[in-house]
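These notes are about the structure you will find just below.
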Amino acid sequence: MAIDNDDWEEDSRRIEFVEHFALIRELAGSPRMEGRVLGYLMVSNKPYVSSAELSRALAASAGSISSTTRRLIDLGFIARHPVPGDRNHYFKVEDDIWGSFLAGEGRSLGKQRRLIEDMLEELPEGMPGPRKRLQNARNYFEWLALHRRKMLAEWQEYRDTHLEDGQ
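Position 80 of the sequence shown, counting from 1, maps to 80 under the UniProt record's numbering, and the rest follow consecutively.
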């Protein structure tokens, strides 16, 4: 039997999924609420969900939902969805959340690399330890960016060859 999205609170399997997904994400170092919001959006049948619905369904404060959705947007997991004439905030996940995350991760890595490069330029002479550590960090982020692009291309190829039912 298909469950209507309006019956979310009564769909114990989806609620269980959201809570378990959140625990797994928390064990990986993310705040539990991020996992709850992401899990909820992953199993929602709606094309987008309001912050008020997230707050109600997850029994979370508006502030918690607001800060969590901002972070998930920054991380590339979710996107804000504008609804013309409506001032409420709506959010959606792409069908390929993980590919979107991998693509968006480059922004954060680039910011870290630029910060390190700036410090390297400003570092006074006679500081070989910090210079070596910063150079290694810069080189790591350059290497990571190269491999992240390759990984994204490989992921997209893998994803496209493993779609079920031609979807």
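Virtual Cβ for every residue (Gly too), placed ideally from N, Cα, C.
All of these numbers come straight from a predicted model, not from anything done at the bench.
query, result
"Taking three-plus beta-carbon pairs below 8 angstroms as touching, is the segment 74-85 in contact with the segment 111-126?", "no"
"Tell me the residue span of the alpha helix (DSSP H) that contains Phe-77.", "No alpha helix (DSSP H) holds Phe-77; DSSP gives it neither H nor E."
"Mind checking which residues open and close the alpha helix (DSSP H) that includes Tyr-48?", "Segment: none, Tyr-48 is in no alpha helix (DSSP H) and carries neither H nor E."
"Arg-148 and Arg-113 look like a contact to me (Cβ under 8 angstroms); what is the Cβ gap, rounded to whole Å?", "Rounded, the Cβ-Cβ distance is 12 angstroms, inconsistent with contact."
"Using a Cβ-Cβ cut-off of 6 angstroms (strictly less than) and excluding sequence neighbours within five positions of Glu-122, which residues of its own chain qualify?", "none"
"Using the C-alpha atoms, what's the distance from Arg-131 back to Gly-76?", "32 angstroms"
"Would you say residue 241 and Leu-152 are within 8 angstroms of each other, going by their C-beta atoms?", "No statement about residue 241 is possible, as the shown extent of the chain runs from 1 to 167 and does not include it."
"Whole angstroms are fine: how far does the CA of Met-119 sit from the CA of Val-18?", "41 angstroms"
"Mind checking Glu-142: buried by the 16 CB within 10 Å criterion, or exposed?", "exposed"
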